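J.: Take 109 as the starting number for the sequence shown in the working numbering and just add one per residue.
We put the beta carbon where it would ideally sit given N, CA and C, even for glycine.
Everything numeric in this text was worked out from a predicted model, so none of it was measured.
Please find one structure pasted underneath; my questions will follow.
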Amino acid sequence: VQSGRVAVVTGANAGIGFEVARVLAAHGAAVVIACRDSSRGEAVAARIPGARVVTLDLASLASVQAAAAELREACARLDLLINNAGVMEVPHHVTEDGFELTLATNHLGHFALTGLVLDRLLATPGSRVVTVSSIAHRRGVLESPEPYDPSAAYARSKLANLLFTYELSRRLGAAGAATVALAAHPGIVRTGLWRTSSLVERALISRRVRFVNFWLAQDVEAGALPVLRAATDPAAGGGDYYGPSGPFGFTGRPARAESSALSHDRDAQRRLWELSEQLTGVVYSI
Ligand SMILES: NC(=O)c1ccc[n+]([C@@H]2O[C@H](COP(=O)([O-])OP(=O)(O)OC[C@H]3O[C@@H](n4cnc5c(N)ncnc54)[C@H](OP(=O)(O)O)[C@@H]3O)[C@@H](O)[C@H]2O)c1
109 VQSGRVAVVT GANAGIGFEV ARVLAAHGAA VVIACRDSSR GEAVAARIPG
159 ARVVTLDLAS LASVQAAAAE LREACARLDL LINNAGVMEV PHHVTEDGFE
209 LTLATNHLGH FALTGLVLDR LLATPGSRVV TVSSIAHRRG VLESPEPYDP
259 SAAYARSKLA NLLFTYELSR RLGAAGAATV ALAAHPGIVR TGLWRTSSLV
309 ERALISRRVR FVNFWLAQDV EAGALPVLRA ATDPAAGGGD YYGPSGPFGF
359 TGRPARAESS ALSHDRDAQR RLWELSEQLT GVVYSI
């Protein structure tokens with residue numbers, strides 16, 4: 109039961125984020141849809157009882173600051189922050205803040221947003237930050253891919269999601285906070301995320317390729333479950349990582365998942381944290 113709880117879900121106007129918001133609201137949570145196109149957000153909010161919309165473009169620090177200010181104003185408590193929004197394999201683009209678009213959206217925007225609403229989370233007993241990573245994090249390296257490689261940029265941003273989660277979890281623990289940080293990955297899910305992928309990849313996860321896709325990709329309802337489990341399982345704790353339990357973690361029921369050795373590298377976690385503070389100008393209070 110999520111009654112009386114407030115959940116902010118980034119990228120909740122589509123895909124896995126929408127499903128996570130829908131299910132949390134169905135269990136009583138007051139859901140905030142944080143998305144970059146407010147009219148599309150309002151259209152989606154009309155389908156989720158009690159949902160409200162906050163405009164958030166994670167690729168713009170100014171937008172993240174405005175969204176955080178609005179959230180702080182509107183929410184006296186904040187039980188769940190689901191850092192879900194993301195882009196995959198996009199053409200090279202530098203944001204208005206001078207960052208590569210994938211890292212800006214998937215990691216830096218969420219790093220800044222979380223830091224800017226942290227006091228609300230810390231003031232809410234049992235609150236959680238859930239950040240959505242990917243199996244692709246295993247291909248991620250710390251160095252910036254040169255020349256730009258869309259797939260490597262995505263993998264690196266998803267590694268950053270885990271490095272961030274584990275460092276945040278440790279800092280929260282050291283501060284004796286009642287807030288925990290966890291991560292999840294959805295496996296491989298048929299969503300709009302694949303719109304920029306190759307024709308072959310899109311064909312392979314499509315519903316039409318019936319024989320292989322049972323093992324290869326799952327529907328959005330199943331893909332949302334690891335995120336929902338990280339957000340709500342009473343047995344889940346700081347630093348836990350959930351994903352589908354089937355072959356290669358592509359599909360299946362949500363279970364504890366393993367992440368790469370590099371994601372657990374404390375030096376890498378600390379360095380990413382310090383760099384993220386420098387780049388975003390958001391310095392955490394813990
Ligand atoms: N689908 C998969 O197979 C898969 C596998 C592993 C991990 N994931 C992860 O799951 C998460 C959700 O992806 P999805 O599959 O649900 O994809 P999706 O259907 O494409 O949804 C992505 C969401 O992120 C939002 N978004 C993108 N850029 C944004 C920005 N600058 N500011 C705010 N919101 C932004 C999108 O908004 P717009 O509608 O405005 O574009 C959309 O709401 C991502 O973190 C992704 O990396 C997905």
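Between tyrosine 392 and phenylalanine 219, what straight-line distance do the alpha-carbon atoms span, to the nearest angstrom?
T.: Taking the first residue of the sequence shown as position 1, residue 392 is located at position 284. Taking the first residue of the sequence shown as position 1, residue 219 is located at position 111. In a straight line, the C-alpha of tyrosine 392 is about 10 Å away from that of phenylalanine 219.
J.: Rounded to whole angstroms, what is the Cα-Cα separation between proline 230 and valine 335?
T.: Taking the first residue of the sequence shown as position 1, residue 230 is located at position 122. Taking the first residue of the sequence shown as position 1, residue 335 is located at position 227. Reading off the sequence shown, one finds leucine at residue 230, where the question assumed proline. One C-alpha to the other measures close to 21 Å.
J.: According to DSSP, is leucine 290 helix, strand or coil?
T.: The count along the sequence shown starts at 1 and reaches residue 290 at position 182. For leucine 290, the three-state secondary structure derived from DSSP is strand.
J.: On a CA-only basis, which of Ala330, Asp373 and Ala344 is nearest serine 353? Give me that one, please.
T.: In the sequence shown, counting from the first residue as 1, residue 353 sits at position 245. Of the listed residues, the one whose Cα sits closest to serine 353 is Ala330.
J.: For alanine 133, collect the residues of the same chain with a Cβ closer than 7 Å to its Cβ; drop the 5 residues on either side in sequence, then sort them by chain order.
T.: As a working mapping, residue 133 is identified with position 25 in the sequence shown. Taken in chain order, the residues that qualify are Val139, Ile156, Pro157, Gly158 and Ala159.
J.: Can you give me the C-alpha to C-alpha distance between arginine 279 and glutamine 377, rounded to a whole angstrom?
T.: Along the sequence shown, one-based indexing puts residue 279 at 171. Along the sequence shown, one-based indexing puts residue 377 at 269. Distance between the alpha carbons of arginine 279 and glutamine 377 is about 11 Å.
J.: Taking alanine 193 and glycine 119 to be in contact with their CB atoms under 8 Å, please state how far apart those CB atoms are, rounded to whole angstroms.
T.: As a first step, residue 193 is located in the sequence shown; it is residue number 85 there, counting from the start. As a first step, residue 119 is located in the sequence shown; it is residue number 11 there, counting from the start. At roughly 3 Å, the Cβ-Cβ gap stays under 8 Å, so alanine 193 and glycine 119 are in contact.
J.: Taking C-alpha atoms, which residue in Gly295, Ala184 and Pro199 lies nearest to threonine 304?
T.: In the sequence shown, residue 304 corresponds to position 196, counting from 1. That would be Pro199, whose Cα lies nearest to the Cα of threonine 304.
J.: Rounded to whole angstroms, what is the Cα-Cα separation between alanine 137 and valine 109?
T.: Counting from 1 along the sequence shown, the entry for residue 137 is found at position 29. Counting from 1 along the sequence shown, the entry for residue 109 is found at position 1. If you take the alpha carbons of alanine 137 and valine 109, they lie about 8 Å apart.
J.: Are the CB atoms of alanine 311 and threonine 239 within a distance shorter than 8 Å?
T.: One-based indexing of the sequence shown puts residue 239 at position 131. One-based indexing of the sequence shown puts residue 311 at position 203. No, Cβ-Cβ distance for threonine 239 and alanine 311 is not below 8 Å.
J.: Anyone know if the C-beta pair for alanine 282 and glycine 346 falls short of 8 Å?
T.: To locate residue 282, count along the sequence shown from 1; it is residue 174. To locate residue 346, count along the sequence shown from 1; it is residue 238. No, these two residues do not count as a Cβ contact at 8 Å.
J.: Measuring from the CB of alanine 176, is there a heavy atom of ligand 1 at a distance below 7 Å?
T.: For the purposes of this step, residue 176 is identified with residue 68 of the sequence shown, where counting begins at 1. Alanine 176 Cβ: outside cutoff for every heavy atom of ligand 1.
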